Structures are given as C-alpha cells and as structure tokens.
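Engineer: Mapping to the numbering used here: the sequence shown position 223 is 1324, numbers consecutive.
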Amino acid sequence: MSSSLTRRDWLRASGLLTAGLSAGMRIAKADAPMSVGQSVFVDEFAALGTPPETMPAMRARLLANENPLGIAQSAKDAIVKAMERGNRYAWSEFGQLKDLLAADELVTASNIMMSPGSSDILMAAADHYAKEGGTILTSVLTYDDLLRRAAGQGAKIKALPMTKDYKYDLPAIKAAITPDVKLIYIVNPNNPTGTIIPAAELEALCREVSSKVPVFIDEAYIDFYEPADRPKLGKVVADGNNVILARTFSKIHGFAGLRLGYAIAQPDTLKLLKPYTNGDSAVSITTLMAGIASYKDKEWQNHCRAENAKAREYTAKALAGMGYEVIPSSTNFMLFPIRMKTASFQQKMMADGIGIQTRELDGQPYCRVSVGTMDEMKMFIDSFKKVVG
Ligand SMILES: Cc1ncc(COP(=O)(O)O)c(C=O)c1O
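1. Starting from the Cα of residue 1194, find the closest Cα among 1244, 1368, 1208 and 1381 and give me that residue.
2. I'd like to know if the region 1171-1190 and the region 1385-1402 are in contact, where contact means that at least 3 CB-CB pairs between them fall below 8 Å.
3. Could you tell me the alpha carbon to alpha carbon distance between residue 1368 and residue 1407, rounded to whole angstroms?
4. Residue 1450 to residue 1296, Cα distance in whole Å?
5. Comparing alpha-carbon positions, which option in 1271, 1434 and 1374 lies nearest residue 1214?
6. Any heavy atom of ligand 1 closer than 6 Å to the CB of residue 1319?
7. With 16 as the cutoff for other CB atoms within 10 Å, does residue 1218 come out buried or exposed?
8. Ligand 1 heavy atoms versus the CB of residue 1292: any closer than 6 Å?
9. Ligand 1 and residue 1240: does any heavy atom of the ligand fall closer than 6 Å to the residue's C-beta?
10. Is residue 1297 helix, strand or coil by DSSP?
11. Enumerate in chain order the residues of its own chain whose CB-to-CB distance from residue 1258 is below 6 Å, with the five nearest sequence positions on each side excluded.
12. Within the region 1176-1223, note down every full alpha helix (DSSP H) run reaching 4 residues or more, in order along the chain.
13. Whole angstroms are fine: how far does the CA of residue 1254 sit from the CA of residue 1478?
14. For residue 1362, tell me which candidate among 1440, 1287, 1216 and 1446 has the shortest Cα-Cα distance.
15. Where does residue 1319 fall in DSSP's three states?
16. Is the closest heavy atom of ligand 1 to the C-beta of residue 1363 under 6 Å?
17. Just to confirm, are residue 1323 and residue 1405 a CB contact at a threshold of 7 Å?
18. Would you check if the distance between the CB atom of residue 1336 and the CB atom of residue 1202 is smaller than 7 Å?
19. Give the straight-line distance between the Cα atoms of residue 1327 and residue 1305, rounded to the nearest whole angstrom.
20. Within the same chain, show all residues whose beta-carbon is closer than 7 Å to that of residue 1349, passing over the 5 residues directly before and after it, in chain order.
21. Would you tell me roughly how many angstroms separate the C-alpha atoms of residue 1234 and residue 1227, rounded to the nearest one?
22. When the Cα atoms are used, what is the spatial distance from residue 1159 to residue 1378?
23. Mapping DSSP to helix, strand and coil, what is residue 1465?
24. Tell whether a beta-carbon distance below 7 Å holds between residue 1303 and residue 1272.
25. What did DSSP end up calling residue 1282 once you bin it into helix, strand or coil?
26. With respect to the alpha helix (DSSP H) encompassing residue 1481, which residues constitute its N-terminal and C-terminal limits?
27. Check whether the region 1409-1429 touches the region 1456-1473, counting contact only when three or more Cβ pairs, one atom from each stretch, lie closer than 8 Å.
28. Going by C-alpha to C-alpha distance, which of 1308, 1221, 1490 and 1345 sits closest to residue 1360?
29. Go through its chain and collect everything with a Cβ distance to residue 1315's Cβ below 6 Å, but skip five positions before and after it.
30. Examine ligand 1 and report whether any of its heavy atoms sits within less than 6 Å of the Cβ of residue 1515.
31. How many Å lie between residue 1132 and residue 1277 at the Cα?
32. Cutting at 6 Å between CB atoms, please list the residues of its own chain near residue 1288, excluding the five before and the five after it.
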C-alpha cells in the first residue's frame, strides 16, 4: 500500500474497510485474488493491533516505498520561492511542467492531466470504468488500490496468475478479454514483485487490444529503470491508442508527502476522468514549482537511482547469503519468500523498530521491504537475522 498511516489503512487495519468492500464486491470466483486466497493482501498494521502513536519507534521505515534521501535541494529552493506566490492561483505554471513532460513523452500538453499524486488518477479510473459494473482484468500479486475501489463500485476483479518469474502474463491477459472487460490494469514495474515487463511485449499488447478495451498502465516506479531501457508508451498514446499512463513524483523525486502525479492519455479519455478528480487545480503552487525544479534536476534523480541500486544489491546479496531468494527488482523495494507466518514476522520486525510489509500468495508468505539508505538496510539485515533466528 502506498502510505503507512492513511485513514484508509486504519480503516482497513480495523477491518472496517475490508468488511465494507467485501459486502459490495463481486469477484469472479475462479480468479478472485481477494476472496479465494490466491493472493492475500496482509495489512501492515492489522497484525500489530495498535495505534501509530503507541508503536515502538521505527528505526527504519521500509514499508511505503518512499525516497529515504528526501527531496532535491533544487525542489526545496523552489518551494521557498513559490511561497511568495501562494496568494495566486497557479495558471501558466501548469503549462511549464506539462510542456517539459510532453517533450520527453513524445505527446502534447493536451495529453496530460496533473493530480495530487497518482492515487487520484487510479481512483478516477476505478470510479469511471467500474460505474456500470463489468470486469477489470489484472494479475494476482499487484497493487490493489484501483482494484479495491473498482470492486467497491460493483466491478468484478479478474486477477490472472503470474508467470513463473512473477511477471504479468500478457498472453493470458489478451486471451481473457471478453465484452464484459471494461479496463485492463497493469502495474509496470509491478508492486510488490518489483518485476518489469519487456518493453516490446507491453507496447505490442497496448497497440493490439486498446481499440477493444482501454489499457491502464500504472508506471509509479518507472523512474528507477534506466531511462534508455524504459517502455516508451507515450508514443503509443501519441499514435491515438486508448492507453492511460499513471505517473507519480512520490518515488524517485521523493514527493510522497508533497503529492504530485499525472496521467498521460487521449484528451477525450482525460475528459472522462475529469469529473472524478480536481485534476490540475488540486495541486498547490509550491508543489508544482518544486516538481518543475525536481524534474529538471537529472543529477538528483541519477544520484537517487544509483544509491537505491547500491542499497538494493547489498540487501539482495545479504539475503541470498542467508538462503533467501529475492525476486530480481527494478524498483525501490523487493519481495522474497519467508519461512515464518506474516503476522508474527511483521510484529517481530516492528518490535525491533523495522517497518516492512508482507504478502501471501498461494499460502506462501513473503516479505516486501522498501529500499532505504545503506545504513537502514544494514539495520534491516541485522534485525532479520535476529527475527528468523
Ligand atoms: C503501484 C503504485 N501505484 C500508485 C501509487 C500511488 O502513489 P501516489 O499516490 O503517492 O502517487 C503507489 C504508491 O505506493 C504504487 O505503489
């Protein structure tokens, strides 16, 4: 889940949200990840059963895929400068950022809608595409915010098994398209597995099926992938395909608290999503100006990407040395099977001040750990050794 301490998490932790959703959920039985346990989301705090203020101090917060390095100095400077204009509505400044993004994505500014984080775009898509029921096609073991919202609106969630290497099975998704499917939801790179779909395969799927059903690609973690190797799906949008890309500044730019994201799609599709979100006008001028500064600051992004890769490799190697096999990750988190029940593992780690998340797939428990600083990852490994004995 995106944030450790949101109201949703607390509702979920207390069982209220789950109860509310399951009442309204219509999940195809054979494919339902949430009802038949193919992939069970395990709440990060439910097991702890304690409000945040009574939790032990978290020495390493490795549960929300945040940027442990903070935000760029250039972004901080931009915030201070933009405060002077806090009395004015942002106007042409949106154009500045959209033009920057559009040039890189090979689209035009009319293909872009800003939002306070990409969650708003996910929620708007869920509200729009699930409003008449139907089916949302996706994979097990993926990010479930859009899916839960769509299920709450009455849509069926058809979550297909992954490939053996924990990737979305694109041929299976293609084969599962029926007239009832309203949206395909793909997270790439995927959360929580950290895996990425080869660019050419994803592009081919988008070009082939999006005339029948819109394809929503959640690219929250795309910035951790080396720029030259990324899928260039903006071009697919520019060519007129009904593909929606969701992007966020929460990850490599470190804006999880500042809140900035955007959608890239056909202008007509953005119009359909608009009634469910305040779009551009929900973004403050301070965040917007910080976003422009951070986006231009390639040195900062390269630094964050490199530090993340170093700490990720250290952790994967240390775990491999203890006999734990980490799924190769292209992101700022990693997933690996553990040999302990999720709740007791998470509780013990938290009791030692290390916040992580857990998942289950087909009865197998997994640890999902976000990549922190090198010091934090050393603390994680020390703690892990103690907890698993
Ligand atoms: C796959 C994925 N999509 C979207 C989001 C939402 O991020 P935000 O609303 O901060 O942009 C997250 C957050 O962790 C995520 O993991």
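Heads up, the beta-carbon is just placed ideally off N, CA and C, and yes, glycines get one too. Treat the numbers as computed from the prediction; the structure is a model and nothing was measured.
Structural biologist: On the basis of the supplied data:
1. 1381
2. yes
3. 35 Å
4. 25 Å
5. 1374
6. yes
7. buried
8. yes
9. no
10. coil
11. 1128, 1237, 1248 and 1252
12. 1193-1206
13. 40 Å
14. 1216
15. strand
16. no
17. no
18. no
19. 21 Å
20. 1218, 1219, 1321 and 1362
21. 10 Å
22. 34 Å
23. strand
24. no
25. strand
26. 1475-1489
27. yes
28. 1221
29. 1284 and 1343
30. Given a span of 1102 to 1490 for the chain in the structure shown, any question on residue 1515 remains unanswerable.
31. Bear in mind that the predicted position of residue 1132 carries a pLDDT of just 33, short of 50, making it too unreliable to give a figure here.
32. 1243, 1244 and 1319
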